[in-house]
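Visitor: The structure follows.
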Amino acid sequence: MGQSSSKPQSFQPSYKNYHLSSPLTDIQLSYDVIIVGSGYGGSIAASRCARAGKSVCLLERGKEWRPGDFPETGLAGLKELQLTQHGEKYMQGNPTDLFDVTISPDVLVLKGCGLGGTSLINANVALDCDPRIFKDKVWPKALRDDLDTLNGVDRELVLDMMKPTEYPSHYPELPKQKAFKTAAIHLADIEDLPLDKIYKSTPIYVNFEDRQKNHVGIPQPACNNCGNCCGGCNTGAKNTLNMNYLPDAKAHGAHIFTEVEVRVISRDDERAEWRVHYAPYVNGDFNATQRVITAPVVILGGGALGSTNILLNSKSRDMLELSSRLGQSFTTNGDTVGFSYNTKMPLKPVGISTKEARKDKGKGPGPGITKVIDLRDRNNKGVEHSYVLEDGTVPSAAELPYKFILKWLEAPHSAVDTTPGEDDWRELARHITGKAFTNTACMLAMSVDTSEGVVRLDEENGRVWIDYPGVGDGENFNTVHEGIKEATASLHGHYIPNPLWAGLFAKLRHTKGVTTVHPLGGCGMGETGEEGVVSHEGQVFVGNTSDVHPGLYVMDGAIIPRSLGVNPSLTIAMVAERCMRLLADKHGWNIDYVSDKKYNF
Ligand SMILES: Cc1cc2nc3c(=O)[nH]c(=O)nc-3n(C[C@H](O)[C@H](O)[C@H](O)COP(=O)(O)OP(=O)(O)OC[C@H]3O[C@@H](n4cnc5c(N)ncnc54)[C@H](O)[C@@H]3O)c2cc1C
Ligand code: SF4
Numbered sequence: 000m001g002q003s004s005s006k007p008q009s010f011q012p013s014y015k016n017y018h019l020s021s022p023l024t025d026i027q028l029s030y031d032v033i034i035v036g037s038g039y040g041g042s043i044a045a046s047r048c049a050r051a052g053k054s055v056c057l058l059e060r061g062k063e064w065r066p067g068d069f070p071e072t073g074l075a076g077l078k079e080l081q082l083t084q085h086g087e088k089y090m091q092g093n094p095t096d097l098f099d100v101t102i103s104p105d106v107l108v109l110k111g112c113g114l115g116g117t118s119l120i121n122a123n124v125a126l127d128c129d130p131r132i133f134k135d136k137v138w139p140k141a142l143r144d145d146l147d148t149l150n151g152v153d154r155e156l157v158l159d160m161m162k163p164t165e166y167p168s169h170y171p172e173l174p175k176q177k178a179f180k181t182a183a184i185h186l187a188d189i190e191d192l193p194l195d196k197i198y199k200s201t202p203i204y205v206n207f208e209d210r211q212k213n214h215v216g217i218p219q220p221a222c223n224n225c226g227n228c229c230g231g232c233n234t235g236a237k238n239t240l241n242m243n244y245l246p247d248a249k250a251h252g253a254h255i256f257t258e259v260e261v262r263v264i265s266r267d268d269e270r271a272e273w274r275v276h277y278a279p280y281v282n283g284d285f286n287a288t289q290r291v292i293t294a295p296v297v298i299l300g301g302g303a304l305g306s307t308n309i310l311l312n313s314k315s316r317d318m319l320e321l322s323s324r325l326g327q328s329f330t331t332n333g334d335t336v337g338f339s340y341n342t343k344m345p346l347k348p349v350g351i352s353t354k355e356a357r358k359d360k361g362k363g364p365g366p367g368i369t370k371v372i373d374l375r376d377r378n379n380k381g382v383e384h385s386y387v388l389e390d391g392t393v394p395s396a397a398e399l400p401y402k403f404i405l406k407w408l409e410a411p412h413s414a415v416d417t418t419p420g421e422d423d424w425r426e427l428a429r430h431i432t433g434k435a436f437t438n439t440a441c442m443l444a445m446s447v448d449t450s451e452g453v454v455r456l457d458e459e460n461g462r463v464w465i466d467y468p469g470v471g472d473g474e475n476f477n478t479v480h481e482g483i484k485e486a487t488a489s490l491h492g493h494y495i496p497n498p499l500w501a502g503l504f505a506k507l508r509h510t511k512g513v514t515t516v517h518p519l520g521g522c523g524m525g526e527t528g529e530e531g532v533v534s535h536e537g538q539v540f541v542g543n544t545s546d547v548h549p550g551l552y553v554m555d556g557a558i559i560p561r562s563l564g565v566n567p568s569l570t571i572a573m574v575a576e577r578c579m580r581l582l583a584d585k586h587g588w589n590i591d592y593v594s595d596k597k598y599n600f
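In numbering that gives the first Met the number 0, the protein residues as written are 0 to 600.
Structural data, given as structure tokens:
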């Protein structure tokens, strides 16, 4: 690493006319398959059903986003923020806005809303979960017996489409990587583990070469290191779902509609089909008139909160008989964050504008995450003690609140000097000159919580909230924060914990709040409806029985029945590919995985 490649970016395709979605006037009354949501689960289902020759309709609540349209400033970011709080209708924003935050007493969830789901704003990491996670009997036996195929064929299908790769050696070495390596050396020493066992590059869904057409026909320039992955990639380098599975689905005939919310699902037994009740949003406003389309197969891919929300709404209106486990087994994936503030290493904590980054790849902080300190196997400590730390970069759209919270709220109140008495004058000087903020590392962590949260329906507004009292008191969060504190000491910085967990906000609220970007569960898998909401194939159980609703599936993060302890998208995608393989077998469909029909860009 280190050979600085700082040429200005020359290949910049225009995506202005790139439309995957169709006007709602084109929607038909019935399809072979209706898919709800366009995250990993929904997009995989759309591609595979279309490749099986079925007529497919995909409905997505959010807008269609193209590279070039994403917010890069604080004001533009604020305009794309929707906040829903337990008990309120909409605190702020429209239900189609990109950054979708759900605030509950103990848990704050951030997810993406748009065509491509949370892939639009995620940090691209494609890591496998610890093999011990799949040994847990919470997973149905049929899935545990099928791990070779899940980790083989199904995983390969995901990698073929998403193309994760490590940050390449011909790109400039990033300041955050140097800092992270220092932290890794210190933690390896404390844990008595070899450095190369815990310090690794993360495979990321990012394109580092100019491609006139990628494997599905879409032009993609190389990454320019702007660091705005979690605000949306304006270059087109990020392998979001609208760059692969979704155009693949469209090329094979799928109809895609955006700014449409599915409310409930009901069964028409006489016609042996499902009725999907949806409502369009016009310019962000909810149009209350609901419409119905039908299909014999419906696949929910609305994510842990979205799919659970649809089923809870359907159950509360007596439209569907569902397991009493619906809403249970919610997990925060043990997510947390901590900051090494005012370190002695110059860092680049936030993204820069695409315009600036295009001039020189050496200027930007680099992709959202590039490295992991992997402490999942801590000398035979159980999986509940495991965690990972990653080198996060905050997008430019969030720079102002990030700086304000760290510099003005948390640094004076919650920061712990990890090297007291050392370099005090230099620390003060950095504080005065503003370098304290630029010398800050953001450490993102995932661990294992109890998976005992409950997604509940707010009957008033039909939206869900998370009921997970005391989740933040879990030992896993203490373990992670001790780790981040040690990492900070190696950088001679001030440790600032997650403001909601142990900072000013936590003190004001008297709660150790948890922030998650990896919500999982709500429609967890089980052997029968006594134990789960869906079968190992993602098919929805009838009440608490082992019977399943014919043709009704959930295939997203909602069916993951426990914490994964690592970034979950690869596991969600592998499980969705498996569900699609089994669905096709059951219905006698043939998914043409080798068709090389490409999107006509
Ligand atoms: C900032 C951030 C960084 C992240 N970084 C990573 C990372 O590096 N690696 C990783 O593995 N994971 C990461 N994640 C998490 C990852 O992106 C999610 O776990 C994953 O996208 C979940 O996939 P899904 O299929 O369950 O649903 P989602 O991706 O959440 O998609 C669900 C979609 O369904 C739509 N929808 C919901 N309800 C309805 C409805 N009623 N009608 C119509 N549409 C509906 C939503 O608008 C949304 O677009 C990150 C998340 C965030 C927020
Ligand atoms: S660093 Fe910038 S160009 Fe690279 S993938 Fe992330 S947002 Fe896109």
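Cβ coordinates follow ideal geometry from the N, Cα and C atoms, glycine included. Quick caveat: nothing in here was measured; it's all calculated off a predicted structure.
#1: Less than 7 Å separating the Cβ of V454 from some heavy atom of ligand 1?
#2: Can you find a heavy atom of ligand 2 that lies under 7 Å from the Cβ of A444?
#3: Less than 8 Å between the C-beta atoms of L602 and L158, yes or no?
#4: Quick check: what's the CA-CA separation for D373 versus A575?
#5: Just to confirm, does T117 get its C-beta within under 7 Å of one of the non-hydrogen atoms of ligand 2?
#6: Below 7 Å, is the gap between the Cβ of P202 and the nearest heavy atom of ligand 1?
#7: Whole-angstrom Cβ separation of F338 and T439, contact assumed at under 8 Å?
#8: Taking 8 Å as the cut-off, does the region 191-200 touch the region 374-387 (at least 3 CB pairs, one atom from each stretch)?
#9: CB I309 to CB A44, shorter than 8 Å?
#10: Suppose you measure from the CA of L405 to the CA of P295; what does that come to, to the nearest Å?
#11: Just to confirm, does K177 get its C-beta within under 7 Å of one of the non-hydrogen atoms of ligand 2?
#12: Among T201, G367, G528, which one has its Cα closest to the Cα of L126?
#13: Using the C-alpha atoms, what's the distance from K358 back to T432?
#14: Check whether the region 93-108 touches the region 215-224, taking contact to mean three or more Cβ pairs, one atom from each stretch, closer than 8 Å.
#15: Does the region 505-525 come close enough to the region 325-345 that 3 or more CB-CB pairs lie under 8 Å?
#16: Just the Cα atoms here: how many angstroms apart are A583 and I590?
#17: Between T449, E269, R270, L304, which has its C-alpha nearest V463's C-alpha?
#18: List the DSSP bridge partners of M442.
#19: How many angstroms separate the CA atom of G1 from the CA atom of K347?
#20: Name the one or two DSSP bridge partners that S29 has.
#21: Use the C-beta contact count for V281: other C-beta atoms within 10 angstroms, 16 or more gives buried, fewer gives exposed.
#22: Can we count V205 as close to ligand 2, meaning its CB is less than 7 Å from some heavy atom?
#23: Any idea which residues DSSP pairs P279 with across the strands?
#24: DSSP three-state call for S306: helix, strand or coil?
#25: Just to confirm, are N213 and A236 a CB contact at a threshold of 8 Å?
#26: Give me the DSSP bridge partner(s) of V371.
#27: Here's a check: name, in chain order, each residue in its chain whose Cβ is nearer than 7 Å to the Cβ of Y340, leaving out the five neighbours to either side.
#28: What are the uninterrupted segments assigned as alpha helix (DSSP H) that are 4 or more residues long and contained completely in the region 512-597, given in chain order?
#29: Suppose contacts are defined by Cβ-Cβ distances below 8 Å. Is A141 in contact with H535 by that definition?
#30: Give the single residue among R316, H169, E320, E389 whose Cα lies nearest to the Cα of K602.
#31: Assuming K62 contacts E320 (C-beta within less than 8 Å), just tell me the rounded distance between them.
#32: Between G512 and G302, is the Cβ-Cβ spacing less than 8 Å?
#33: Please state the DSSP three-state secondary structure of D609.
#34: Hey, which residues come within less than 5 Å of ligand 2, measuring from Cβ to any heavy atom, in chain order?
#35: Let me know the secondary structure DSSP gives E409 once reduced to three states.
#36: Between C56 and ligand 1, is the CB less than 7 Å from at least one heavy atom?
Guide: In short, the structure shows the following:
#1: Here residue 454 refers to the residue found at position 455 of the sequence shown. Not so, every heavy atom of ligand 1 lies at least 7 Å from the Cβ.
#2: As a position in the sequence shown, residue 444 is number 445, starting the count at 1. No, since every heavy atom of ligand 2 falls outside the 7 Å radius drawn around the Cβ of A444.
#3: This structure does not reach residue 602, given that the chain is present from 0 up to 600, and the question cannot be answered.
#4: Indexing the sequence shown from 1 puts residue 373 at position 374. Indexing the sequence shown from 1 puts residue 575 at position 576. Taking the straight line joining both Cα atoms gives about 25 Å.
#5: Taking the sequence shown and counting its residues from 1, one reaches residue 117 at position 118. No; taking the cut-off as 7 Å, the Cβ of T117 has no heavy atom of ligand 2 nearer than that.
#6: In the sequence shown, the residue the question calls residue 202 occupies position 203. No, Cβ of P202 sits at least 7 Å from all heavy atoms of ligand 1.
#7: Your numbering for residue 338 matches position 339 in the sequence shown. Your numbering for residue 439 matches position 440 in the sequence shown. That belief holds up - the Cβ atoms of F338 and T439 are roughly 6 Å apart, short of 8 Å.
#8: yes
#9: Here residue 309 corresponds to residue number 310 of the sequence shown, with the count starting at 1. Here residue 44 corresponds to residue number 45 of the sequence shown, with the count starting at 1. Contact: no.
#10: Translated into positions along the sequence shown, residue 405 becomes position 406. Translated into positions along the sequence shown, residue 295 becomes position 296. Rounded to the nearest angstrom, the two C-alpha atoms are 52 Å apart.
#11: By 1-based counting over the sequence shown, the position of residue 177 is 178. Outside the cutoff, so no.
#12: Position 127 of the sequence shown holds residue 126. Among T201, G367, G528, the Cα nearest to that of L126 is on T201.
#13: By one-based count along the sequence shown, residue 432 stands at place 433. By one-based count along the sequence shown, residue 358 stands at place 359. So the two alpha carbons sit approximately 27 Å from each other.
#14: no
#15: yes
#16: Here the question's residue 583 lines up with position 584 in the sequence shown. Here the question's residue 590 lines up with position 591 in the sequence shown. Roughly 7 Å between the two C-alpha positions.
#17: Stepping through the sequence shown from its first residue, residue 463 is reached at position 464. Ranking T449, E269, R270, L304 by Cα distance to V463 puts L304 first.
#18: Here residue 442 corresponds to residue number 443 of the sequence shown, with the count starting at 1. DSSP lists G337, D390 as partners of M442.
#19: The residue labelled residue 1 in the question sits at position 2 within the sequence shown. The residue labelled residue 347 in the question sits at position 348 within the sequence shown. Bear in mind that the predicted position of G1 carries a pLDDT of just 44, short of 50, making it unreliable; the figure below should be weighed with that in mind. Approximately 17 Å between the Cα atoms of the pair.
#20: On the sequence shown, position 30 is the one that residue 29 refers to. DSSP output for S29 lists T293 as bridge partner(s).
#21: For this step, residue 281 is matched to residue 282 along the sequence shown. Looking at its Cβ environment, which holds fewer than 16 other Cβ atoms inside 10 Å, V281 is exposed.
#22: Locating residue 205 in the sequence shown gives position 206, where the first residue counts as 1. Checking the Cβ of V205 against ligand 2 gives yes.
#23: Taking the first residue of the sequence shown as 1, we reach residue 279 at position 280. V259, per the DSSP bridge assignment.
#24: Within the sequence shown, the letter at position 307 stands for residue 306. If DSSP states are grouped into helix, strand and coil, S306 belongs with the helices.
#25: What you label residue 213 is simply residue 214 of the sequence shown in a count that begins at 1. What you label residue 236 is simply residue 237 of the sequence shown in a count that begins at 1. Cβ atoms of N213 and A236: not closer than 8 Å.
#26: Within the sequence shown, the letter at position 372 stands for residue 371. Answer by DSSP bridge pairing, in chain order: K199, E389.
#27: As a working note, residue 340 is residue 341 in the sequence shown. Contacts found: L405, A410, A414, A435, T439, G492, H493, I495.
#28: 568-586
#29: Position 142 of the sequence shown, counted from the start, is the residue given in the question as residue 141. Position 536 of the sequence shown, counted from the start, is the residue given in the question as residue 535. Cβ atoms of A141 and H535: closer than 8 Å.
#30: Past the boundaries of the shown model lies residue 602; the chain is included only from 0 to 600, so the question cannot be answered.
#31: By 1-based counting over the sequence shown, the position of residue 62 is 63. By 1-based counting over the sequence shown, the position of residue 320 is 321. At roughly 34 Å, the Cβ-Cβ gap does not stay under 8 Å, so K62 and E320 are not in contact.
#32: Sequence index remark: in the sequence shown, residue 512 carries index 513 (1-based). Sequence index remark: in the sequence shown, residue 302 carries index 303 (1-based). No, the Cβ-Cβ distance between G512 and G302 is not below 8 Å.
#33: No answer is possible for residue 609: it lies beyond the span of the chain, which begins at 0 and ends at 600.
#34: V205, C222, N223, C225, N227, C228, C232, T234, A236, K237, P366
#35: Stepping through the sequence shown from its first residue, residue 409 is reached at position 410. Helix at E409.
#36: Looking up residue 56 in the sequence shown gives position 57. C56: no, Cβ never under 7 Å from ligand 1.
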